[in-house]
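A.B. asks: After the structure tokens below, expect a handful of questions from me.
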Amino acid sequence: MVKVVFKKEGADDRIVDGLEGSSVMETALANDIGEILADCGGALSCATCHVYVTEEWCDRVGQPNVEEEAMLEMAVDPDERSRLSCQIRLSADLDGVEIILPKSQL
């Protein structure tokens with residue numbers, strides 16, 4: 079199992095377990111993280127699973143590919159830490175990864 083820390087402004091952190099190889103989006107949905115809408119189910123055709131990776135984790139998580147960058151342009155308030163959670167695959171190297179939930183997906 080890989081620990082994922084979901085952070086939301088004004089709320090306690092939620093620390094959940096995810097399976098290696100699963101996405102941050104799948105882990106969020108399995109743990110009722112309501113801020114992740116995932117309208118396309120992880121098909122990289124919407125931006126409703128947009129998250130921010132904390133600066134400490136950005137290098138380990140990596141940068142979005144060209145297709146993800148194009149979708150991130152549709153996200154609400156993207157910045158250099160933005161990723162689509164459907165594109166972040168969990169591995170032992172990401173144990174404890176910190177994910178900031180956006181205020182809104184729409």
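Residues 79 to 184 in my numbering are what the sequence shown spells out, letter by letter. Just so you know, even glycine gets a beta-carbon here, dropped at the ideal spot from N, CA and C.
Give, in chain order, every unbroken run of the beta strand (DSSP E) that is at least 3 residues long and sits entirely within the segment 135-173.
C.D. replies: For the segment 135-173, whole beta strand (DSSP E) runs of length 3 or above, ordered along the chain, are 160-162.
A.B. asks: Specify, as a first and last residue, the run of the beta strand (DSSP E) that Glu176 falls within.
C.D. replies: Within the sequence shown, residue 176 is the residue found at index 98, counting from 1. Counting along the chain, the beta strand (DSSP E) containing Glu176 begins and ends at Val175 to Ile178.
A.B. asks: Taking all protein chains shown into account, decide if Gly174 is buried (16 or more other Cβ within 10 angstroms of its Cβ) or exposed.
C.D. replies: Counted from its first residue, the sequence shown places residue 174 at position 96. Result: exposed.
A.B. asks: Please return the same chain residues whose Cβ sits closer than 7 Å to the Cβ of Gly140, not counting the five positions on each side in sequence.
C.D. replies: The sequence position of residue 140 within the sequence shown is 62, counting from 1. Nothing meets the Cβ criterion.
A.B. asks: Looking only at C-alpha atoms, which of Glu98, Leu107 and Tyr130 sits nearest to Lys30?
C.D. replies: This structure gives no information on residue 30, because the portion of the chain shown stretches from 79 to 184.
A.B. asks: Which one or two residues does DSSP pair with Gly96 in a beta bridge?
C.D. replies: Residue 96 sits at position 18 when you count from the first residue of the sequence shown. Val80, per the DSSP bridge assignment.
A.B. asks: Of the residues Leu107, Cys136 and Arg138, which one's Cα is nearest the Cα of Cys127?
C.D. replies: Within the sequence shown, numbered from 1, the residue matching residue 127 stands at position 49. For Cys127, the nearest C-alpha among the options comes from Leu107.
A.B. asks: Hey, Ser163 and Met79 are a contact pair by Cβ (cut 8 Å); roughly how many whole angstroms apart?
C.D. replies: Here residue 163 refers to the residue found at position 85 of the sequence shown. Here residue 79 refers to the residue found at position 1 of the sequence shown. The Cβ separation is near 17 Å, so there is no contact.
A.B. asks: Just to confirm, are Glu176 and Glu146 a CB contact at a threshold of 8 Å?
C.D. replies: Start at 1 with the first residue of the sequence shown, and residue 176 comes out as number 98. Start at 1 with the first residue of the sequence shown, and residue 146 comes out as number 68. In this structure, Glu146 does not lie closer than 8 Å to Glu176 by Cβ.
A.B. asks: Starting from Thr105, trace the alpha helix (DSSP H) in both directions and tell me its first and last residue.
C.D. replies: Position 27 of the sequence shown, counting from 1, holds the residue named residue 105. First-last of the alpha helix (DSSP H) with Thr105: Val102 to Ala108.
A.B. asks: What whole-angstrom Cβ distance do Ile166 and Ser101 have, given they're in contact under 8 Å?
C.D. replies: For this step, residue 166 is matched to residue 88 along the sequence shown. For this step, residue 101 is matched to residue 23 along the sequence shown. The Cβ separation is near 6 Å, so the contact holds.
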